[in-house]
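Novice:
Put into structure tokens, the structure is as follows:
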């Protein structure tokens, strides 16, 4: 059977272990903060973030609205599909030098398709509800990743692995 003094020593050892864990956590946090500061300083010199680039302001306010809202305005003929597509193309040309996100483009084809959509809307016998049900995003431009195969677009040569 353990004596009272042995129990006291065991408890004392346990409390010092707890204290080491809490102090160890603090020390690790301080080391991590110093390391982060050093890395940020080094990469700050490498990439020179002093001149922050700012995207140009929007020319058309509808560029901030949702695709559903734009599609609704196109169906109601408040906006033409051609104007929407041209505005988005202009915005892509403005921001792509900053973001470098558009790999391949088919702007001429998009404008041609938008004109066809406008002609279709002017000559169609479908009602507003029919268009909303059957062609919900008619006339709304979109972009897709380069890994999505599209007719006439670049398809990267990726090797697909199954895990």
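In our numbering, the protein residues as written are 5 to 167. Note that beta-carbon positions come from the ideal geometry of N, C-alpha and C, so glycine has one too.
Less than 8 Å between the beta carbons of residue 93 and residue 111, yes or no?
Specialist: Residue 93 sits at position 89 when you count from the first residue of the chain shown. Residue 111 sits at position 107 when you count from the first residue of the chain shown. Going by C-beta atoms, residue 93 is nearer than 8 Å to residue 111.
Novice: How about residue 78 and residue 143: do their beta carbons lie closer than 8 Å?
Specialist: Start at 1 with the first residue of the chain shown, and residue 78 comes out as number 74. Start at 1 with the first residue of the chain shown, and residue 143 comes out as number 139. Result yes, Cβ atoms of residue 78 and residue 143 sit closer than 8 Å.
Novice: According to DSSP, is residue 138 helix, strand or coil?
Specialist: The count along the chain shown starts at 1 and reaches residue 138 at position 134. Helix.
Novice: Can you tell me the Cβ-Cβ gap for residue 63 and residue 91, rounded? I've got them flagged as a contact below 8 Å.
Specialist: As a position in the chain shown, residue 63 is number 59, starting the count at 1. As a position in the chain shown, residue 91 is number 87, starting the count at 1. Yes, residue 63 and residue 91 are in contact; Cβ-Cβ is about 7 Å, under 8 Å.
Novice: Between residue 140 and residue 132, what straight-line distance do the alpha-carbon atoms span, to the nearest angstrom?
Specialist: Walking along the chain shown from the start, residue 140 turns up at place 136. Walking along the chain shown from the start, residue 132 turns up at place 128. If I take the Cα positions, the gap works out to 10 Å.
Novice: So which of 25, 26 and 58 has the shortest CA-CA distance to residue 99?
Specialist: Numbered from 1 along the chain shown, position 95 holds the residue referred to as residue 99. Residue 99 has its Cα closest to that of 58, out of 25, 26 and 58.
Novice: Please give me, in chain order, every unbroken run of the alpha helix (DSSP H) with length at least 4 that falls completely inside the segment 44 to 117.
Specialist: Listed in chain order, they are 71 to 79 and 85 to 103.
Novice: Assuming contact is defined by CB atoms lying nearer than 8 Å, are residue 114 and residue 88 in contact in what I supplied?
Specialist: Mapped onto the chain shown, residue 114 falls at position 110. Mapped onto the chain shown, residue 88 falls at position 84. No, Cβ-Cβ distance for residue 114 and residue 88 is not below 8 Å.
Novice: Counting only the same chain and skipping the five closest in sequence on each side, list residues whose C-beta sits under 6 Å from that of residue 60.
Specialist: By 1-based counting over the chain shown, the position of residue 60 is 56. Cβ neighbours of residue 60 beyond the five flanking positions: 98.
Novice: Just confirm the distance between the C-beta atoms of residue 96 and residue 107, as a whole number of angstroms; I'd bet it's less than 8 Å.
Specialist: Residue 96 sits at position 92 when you count from the first residue of the chain shown. Residue 107 sits at position 103 when you count from the first residue of the chain shown. Incorrect: roughly 12 Å between the Cβ atoms, too far for contact.
Novice: Is residue 31 helix, strand or coil when you go by DSSP?
Specialist: Numbered from 1 along the chain shown, position 27 holds the residue referred to as residue 31. Three-state DSSP puts residue 31 in a helix.
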